[in-house]
Structure formats: C-alpha cells, structure tokens
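S.K.: Note that my numbering has the sequence shown beginning at 328, numbered continuously upward. Ideal placement from N, C-alpha and C gives every residue a C-beta, glycine not left out. Quick caveat: nothing in here was measured; it's all calculated off a predicted structure. Structure in structure tokens, see below.
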Amino acid sequence: MLIRIPAVLDPQTLATIRQCLAEAAWEDGALTAGSQAALAKQNQQLPSKSEAAQQLQALVLGALERHPLFFSATLPKRILPPLFNRYGGESNRYGDHVDQAIRYAAGQRVRSDISATLFLAEPSDYDGGELVIADTFGEQRVKLAAGDLLIYPGTSVHRVEPVTRGARLASFFWIESMVRLDEQRRLLYEMDMSLMALREQHGDSPATVQLTGTYHNLLRMWADT
Ligand code: NI
328 MLIRIPAVLD PQTLATIRQC LAEAAWEDGA LTAGSQAALA KQNQQLPSKS
378 EAAQQLQALV LGALERHPLF FSATLPKRIL PPLFNRYGGE SNRYGDHVDQ
428 AIRYAAGQRV RSDISATLFL AEPSDYDGGE LVIADTFGEQ RVKLAAGDLL
478 IYPGTSVHRV EPVTRGARLA SFFWIESMVR LDEQRRLLYE MDMSLMALRE
528 QHGDSPATVQ LTGTYHNLLR MWADT
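Printed below as a string of structure tokens:
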C-alpha cells in the first residue's frame, strides 16, 4: 500500500531543514548501503552522526508525532532515525533495489516493515528524481510537494530516477510496525479513515461506536507492541 501523507512539515520547519542542508557537508551515500544496493546507489547523504543530522532528525520525528495520519497509516512500534540524502550532479540516481530487512539503531534490531520518503525539495526545483515503486498494480512514479511524505511496503523493489537538473533533497527512514503485514495495516487504515468520515457526518451513532470497537478489537488481535 502506497500512502501519501500531506504537509507533514509546516513551512517554517521545512525552511529550517532546507537552510541546514544547504550548509551541510555531504558524504557518498554508497557507504551505508548493503552490498547489493551499493552497486546501484549514486547519491549523497548527510553523515548520520553529524550534529546537523541529529538536529534534523529531532525536527522530523517531532513532526511525525504530531501528524494524526502518520500514526494511523503506520501503527509504529519503532522508527529508525531519519537520514537525509541529495541527488544531483554526478550523484544523481539509485537503481532498482530492495531495502535491507533488518537495520540497527542504538544497539537494537529494527525490522523495516515500511519505507518512508519525506520530500524536501519542491518538484519545480529539479527534473527527474521520481521515486519508482513496483506495486501489485504495476509501477508507481511518485514526486511529491516539499513537506509531503510517502510510505510504501519495505518489501517493494524501488529506484530513484536520474536527476537531470537541480537537486532532489529528501529524508528517508524505516518503520517497524506493530502490525507486521501490509494487508492488515491496509484494512485498519481504510477502516480508520472511513470511521473518521462517518463521525464527521453523523457524530457518534451507535453503529459508529460499534464499528470503532471492531477496529480496536482487530488492532488488539493483530498488534504486537
Ligand atoms: Ni531504498
């Protein structure tokens, strides 16, 4: 399931992040890729331990926490510290790959159920750079407004098309979900969105209360906390 989560960053936070990235020292992105992915990866990354990266991580994690759709769509158990990348010039693409299933953060193993890309440059700032994801319905080509987030299953083959003008800036990270299977998360998300719409239209009718109970009981059955 691909879900676009709009306006995760407000304009002020976005401007702060972009200012910081404009002054940052980048390194070769292939340093942090697995051996299969390193062959395909040609971009730049902010060193994850740098002071700049740590400040920006806190801004992104804070924004995710405040966004109601993010929780509903991902049902997060653990979120890996967000990383930051730049595609442009000679380092302008990332060929087809699948993200590593298990990643490490602060001595913990984290399963990458969900991959996330937070777009930080406006689409008019660069040409190319679409995130292309192989989905059950065929290839999806995605390029979102700055501040919007895309989440997609960690199991997907995906790539970033060559950037032929300007620079594509993004934050990317992985989420281990309380609900491991994409199909179950999709059902819960769709049900939650429908419940929100029903509540808005009809208030808390007895049927809506019942259905809200069903949502929580499914979550109780499937969630691993
Ligand atoms: Ni990837």
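Once you ignore the five residues that flank Ala432 on each side, which residues in its own chain have a CB closer than 7 Å to its CB?
M.R.: Correct list, in chain order: Leu407, Pro408.
S.K.: Between the alpha carbons of Glu449 and Gln537, how many angstroms are there, rounded?
M.R.: Glu449 and Gln537: Cα-Cα distance of roughly 43 Å.
S.K.: Less than 8 Å between C-beta atoms, sequence neighbours within five positions excluded: which residues of the same chain meet that for Cys347?
M.R.: Result list for Cys347: Ala379, Gln382, Leu383, in chain order.
S.K.: By DSSP, does Pro395 sit in helix, in strand, or in coil?
M.R.: Residue state, collapsed to three classes: helix.
S.K.: Determine the direct distance from the alpha carbon of Arg492 to that of Ser451, and round the result to whole angstroms.
M.R.: In a straight line, the C-alpha of Ser451 is about 10 Å away from that of Arg492.
S.K.: When you measure from the CB of Phe411 to every non-hydrogen atom of the ligand NI, does any distance come out below 8 Å?
M.R.: It does not: the Cβ of Phe411 is nowhere closer than 8 Å to a heavy atom of the ligand NI.
S.K.: Under the criterion of a Cβ to heavy atom distance below 8 Å, does Asp519 qualify as lining the ligand NI?
M.R.: No.
S.K.: Out of Arg486, Gly530, Ala550, Gly389, state which residue places its alpha-carbon closest to the alpha-carbon of Gln511.
M.R.: With distances taken between Cα atoms, Gln511 lies closest to Ala550.
S.K.: Go through its chain and collect everything with a Cβ distance to Ala351's Cβ below 6 Å, but skip five positions before and after it.
M.R.: Here the set comprises Leu373, Ala379.
S.K.: I'd like to confirm the pairing. Which residues does DSSP put opposite Ile478 in its beta bridges?
M.R.: Answer is Ile330, Ala443, bridged to Ile478.
S.K.: Among Ala524, Leu388, Ala367, which one has its Cα closest to the Cα of Ile344?
M.R.: Nearest option by C-alpha distance: Leu388.
S.K.: Note down the Cα distance separating Ser377 from Glu354, rounded to an integer number of angstroms.
M.R.: Cα to Cα, the separation comes out at about 11 Å.
S.K.: Closest by CA to Leu496, which one among Pro333, Ala473, Gly540, Ser483?
M.R.: Closest option to Leu496, Cα to Cα, is Ala473.
S.K.: Could you tell me which of Ile478, Ala342, Leu358 sits nearest to Phe397, measuring between CA atoms?
M.R.: Per the Cα distances, Ile478.
S.K.: Any idea if Val487 is buried or exposed, counting beta-carbon neighbours within 10 angstroms, 16 or more meaning buried?
M.R.: So Val487 ends up on the buried side.
S.K.: Report all residues from its chain with a CB closer than 6 Å to the CB of His485; omit the five preceding and five following residues, and keep chain order.
M.R.: Here the set comprises Ile460.
S.K.: Thinking C-alpha only, which one of Leu358, Gly434, His424, Gly456 is nearest Leu410?
M.R.: The shortest Cα separation from Leu410 among Leu358, Gly434, His424, Gly456 belongs to Leu358.
S.K.: Can you give me the Cβ contacts of Asn419 inside the same chain, cut-off strictly under 6 Å, excluding the 5 residues immediately before and after it?
M.R.: Hits under 6 Å: Pro489, Val490.
S.K.: Suppose the cutoff is 8 Å on Cβ atoms and the five residues either side in sequence are ignored; what does the same chain contact list for Pro480 look like?
M.R.: Within the same chain, Pro480 has close Cβ partners Met328, Asp440, Ile441, Ser442, Asp509.
S.K.: Report yes if the C-beta distance between Lys404 and Thr552 is below 9 Å; otherwise report no.
M.R.: Yes. Within cutoff.
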